[in-house]
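Letter by letter, the sequence shown follows residues 1180 to 1823 in the numbering used here.
Remarks on the structure that follows.
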Amino acid sequence: MTMVSIDRDGEIAVVTVNNPPVNALGQALRQGLWDAVATLDADPAVRAVVLICAGRTFIAGADVREFGLPPSEPHLPDLVNRIEAATKPWIAAIHGAALGGGFEVALGCRFRVALDTASVGLPEVTLGIVPGASGTVRTPRVAGVAAAVDLVTTGKPARAAKAQAIGLVDAVLTGDLRAGAIAFARAALTAPLPLPASQRPVTDPGPDFWAEQQAAVSKRARGEVAPLRALACVQKAAQAPFDAALAFERATFLELRASDQAAALRHVFFAERAAPRPPHLGETQPLPLRRAGVIGGGTMGAGIAAALRDAGLPVVLIERDAEALARGIANLQAIFDGGVKRGKLTPDQAAARMAGITGATDYAALADSDLVIEAVFEEIGVKRAVFAELARHCRADAVLATNTSYLDPRAIAEGLPDPGRFIGLHFFSPANVMKLLEIVPTPDTAPATLATGFALARALGKIPVQAGICEGFIGNRILKRYRAAAEALLRQGVAIAEIDAAMRGYGFAMGPFEAQDLGGLDIAFLQREGARAAGQNVPETLGDILVRAGRKGQKTGGGWYDYAPGQRQPQPSDTVAALLAGQITPKAPPADIAAHLVGEMAAEGAAILAEGIALNAADIDLVEIHGYGFPRWRGGPIFATTPR
Ligand code: 3H9
């Protein structure tokens, strides 16, 4: 099949786009569509045109790979205008997703029909740009200004039913899309045609609306520029003639396309898509994943079990006794109840999630599991005892995984009869929410076991990153360096609040000290104490001084900061100042605190890469973005500090 083909159903022409994998609008496809308009305009037998796509989706947008290159003709805004100006009406028939430039092409069509499973949207801000082919100008003319602002500033797509409710699509179809769209076209020809989108009126909601939106969008954006620029484009569209608004949007698009933020977001976009299928796995097939087991129903175990249930896998949850099991089941119930409260799950879905959980205290219940993930206390003896049980009760081909974050997986696997099926799977808390999964093979892990780890990540919708064995793997090792560097600044006399503010200013939701207060200072403290007890030379940290004084963070009413009872607002603490007074030797601080700390993260990343702990630099960026709150639009510590 060629990229653009035309066939006929009586007086209706059907233009089929076939440009796998996602029908992205590269130059050749734009040209093919341009030529199709000319051909069909010239054909007197054709009265309407259905535009439909082969493969898994409608046109998913401009070809992001072309964004580094100079724009080439025909330009997309011209193509959209050309389709709109065609002498017969075009009808976009949407399945999968009509995104970005793909949705803009659909807006150039006189009608849009969509399968009930489809979605439409303008996700350009997630790539650091604004729509560049009339998305911000036609959308308010079709669906109103408020809906347009929502679509372009969040980048979140709308499902077919919602899209129809706000006027973005004219009909929602089920079954055979092509036949439904042709029938729609025939019916449409029996009535006067609606105005093309560019000629429809738009109402300016007035200055109060824009002021409110600006405040809301800039609060959410935290330094990311595209959402505010997209808002400005919609405002222009509501206040200026169509052509002027289109020119404004195009100029904004071209400016942002060349920006650092867009380059960073493109880097993350491609890194995320490459991560689930690393080339070194080759053709190795994963083992089937039909049922899973989780050992331990604490915060981590329950979160992992919830993630497995969200992916549709039945789960056996093992705890050491009936009381602990009841707590684990209650933890799971609380997770799904929370989903219902936030509108993410219906009560029926939550009940179905719970129904797929079998609680047990006897490891024999795992006899059918394809994969078992251990999430018990971080203590080597406890973990080894668990794996001894697993070796006795699980099938010989079951994958056995540990969710350790600090222990050496090789030590945990010691004594297993078949270490080839053992692997580390490091989840991040809350495990049903956080996207990162560090996959840690030991030298004995079999290729199929490793491939199964990646297959699990895909099934759970997580971003997998393979990590070699070292203390803290990739993420926690960088975290340790980051915290140590932040403490070093304190010792030089920089205020705690100043460091946190600098990192917030950089784009993190929280600075390193407020983040520790939220998570608790005691976890890392206990780990250091464990290492000291084992004879390692671990110097006393400033955090240790606080924990020894009973300051473990928000849960004890104070850590690096004080907290008023029931409040989460950090207040600089005189107690902390007194505790640390003897530790401070004033010295000139670095000119740019955030750049200094990100530089430290990147330096640790470079060491991790040089040691082969990470397989590539992009993986390190993904770990920081998806596990540690690094601002996505900065591209991760390695990207952000690499001169270009
Ligand atoms: C835009 O349109 C700007 C316009 O306003 C103005 C222009 C003037 N380009 O995600 P998947 C590749 S901005 C190039 O795993 P799924 C992807 O890298 C664009 N390649 O599939 C991967 O390649 P590989 C606005 C793309 O089924 C393969 O396709 N559009 C593009 O899970 C499969 O991807 C967007 O931001 C692209 N645009 O999900 C849409 N998109 O196989 C971005 C994907 O070599 N795309 N690839 O690793 C998506 O959201 C998802 O791909 C989609 C399918 C939902 C469509």
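Glycine is no exception: its CB is placed at the ideal position from the N, C-alpha and C atoms.
Being a predicted model, the structure only gives us computed values, none of them experimental.
query: Gly1522: buried (16+ other C-beta within 10 angstroms of its C-beta) or exposed?
result: exposed
message: Can you tell me which residues form a DSSP beta bridge with Pro1643?
response: Leu1616
- prompt: Between the beta-carbon of Ile1536 and the beta-carbon of Leu1511, is there less than 8 Å?
  reply: In this structure, Ile1536 sits near Leu1511, with a CB-CB distance shorter than 8 Å.
- request: Can you have a look at Trp1363 and say buried or exposed, based on whether 16 or more other CB atoms are within 10 angstroms of its CB?
  value: Here residue 1363 is Phe; the residue named in the question, Trp, does not match the sequence. Classification for Phe1363: buried.
message: I want to check one thing, is the minimum distance from the CB of Arg1824 to the heavy atoms of the ligand 3H9 below 7 Å?
response: Since the first and last residues shown for the chain are 1180 and 1823, residue 1824 lies out of range.
Collapsed DSSP secondary structure at Glu1708 in the structure displayed: helix
- prompt: Taking the alpha-carbon positions, what's the Gly1491 to Ala1430 distance?
  reply: When rounded, the distance between both Cα atoms is 46 Å.
field: Identified DSSP bridge partners for Asp1741
entry: Beta-bridge annotation (DSSP): Asp1741 is paired with Gly1737, Gln1750.
- prompt: Would the C-beta of Gly1279 count as close to the ligand 3H9, meaning under 7 Å from any of its heavy atoms?
  reply: yes
field: Inter-residue Cα distance where the pair is Leu1306 and Leu1444
entry: 5 Å
- prompt: What residue from Val1802, Asn1202, Leu1212 has the CA that sits closest to Ala1233's CA?
  reply: Asn1202
query: Any idea what DSSP makes of Ser1377, helix, strand or coil?
result: Correct three-state label for Ser1377: helix.
- prompt: Between Gly1744 and the rest of its own chain, which residues show a CB-CB distance below 8 Å, the 5 nearest in sequence each way excluded?
  reply: Residue 1744 is actually Pro in this sequence, not Gly. So the qualifying residues of the chain are Gly1736.
C-beta contact flag for Thr1540 and Val1578 at 8 Å: no
field: Close Cβ partners of Gly1672 (< 6 Å) along its chain, the five nearest in sequence each way excluded
entry: Ile1763, Pro1765
message: Which residue wins for smallest C-alpha separation from Pro1751, given the options Ala1781, Ala1694, Ala1676, Gly1808?
response: Ala1676
- request: Taking only runs that begin and end inside the stretch 1479-1506, name each unbroken beta strand (DSSP E) of 3 or more residues, in chain order.
  value: 1494-1497
Cβ distance (whole Å) where Val1316 is taken to contact Ala1424 below 8 Å: 5 Å
- request: Identify, in the order they occur along the chain, each residue of the same chain with its Cβ nearer than 7 Å to the Cβ of Arg1470, setting aside the five sequence neighbours on each side.
  value: Leu1492, Pro1493, Asp1547, Ser1548, Asp1549
Proximity winner among Asp1257, Ala1610, Ala1327, relative to Asp1422 (alpha-carbon distances): Asp1257
- prompt: Apart from the five residues on each side of it in sequence, which residues of its chain come closer than 7 Å, Cβ to Cβ, to Lys1614?
  reply: Lys1641, Ile1642, His1805
message: Less than 8 Å between the C-beta atoms of Gly1314 and Ala1337, yes or no?
response: no
- prompt: Quick one: does the C-beta of Pro1302 sit closer than 7 Å to a heavy atom of the ligand 3H9?
  reply: yes
task: Measure the alpha-carbon distance for Gln1392 versus Phe1652 and round it to whole angstroms.
output: 42 Å
- prompt: Would you say Thr1296 touches the ligand 3H9, meaning its beta carbon is less than 7 Å from a heavy atom?
  reply: no
- prompt: Near Ala1271, what residues of its chain come up, given a Cβ to Cβ distance below 6 Å and the 5 sequence neighbours on each side ignored?
  reply: Excluding positions up to five away in sequence, the list reads Leu1230, Ala1285, Cys1288, Arg1291.
- request: Would you mind sorting Gln1414 into buried or exposed? The rule is 16 or more other CB atoms within 10 Å of its CB.
  value: Burial call: buried.
message: Considering Cα atoms alone, identify which of Ala1411, Pro1373, Ile1345, Ala1395 is closest to Asp1383.
response: Ala1411
- prompt: Which residues does DSSP pair with Ser1298 in a beta bridge?
  reply: According to DSSP, Ser1298 bridges with Ala1276, Arg1338.
query: Of all the options Asn1197, Pro1223, Leu1248, Ala1312, which has the alpha carbon lying nearest to the alpha carbon of Gly1211?
result: Gly1211 has its Cα closest to that of Asn1197, out of Asn1197, Pro1223, Leu1248, Ala1312.
message: For a test of your reading of the model: does the CB of Asp1242 fall under 7 Å from any non-hydrogen atom of the ligand 3H9? Yes or no.
response: yes
message: Determine, for Ile1724, whether the minimum Cβ-Cβ distance to residues of chain B falls below 8 Å.
response: No chain B appears in this structure, which consists of one protein chain only.
query: In terms of residues, what are the limits of the alpha helix (DSSP H) holding His1446?
result: Taken as a continuous stretch (DSSP letters only), the alpha helix (DSSP H) holding His1446 covers 1439-1453.
field: Any non-hydrogen atom of the ligand 3H9 within 7 Å of Ala1276 CB
entry: yes
query: Given a threshold of 16 other Cβ atoms within 10 Å of its Cβ, counted over all protein chains shown, does Phe1449 qualify as buried or as exposed?
result: exposed
Length at least 4, wholly inside the stretch 1788-1819: the alpha helix (DSSP H) runs in chain order: 1796-1807
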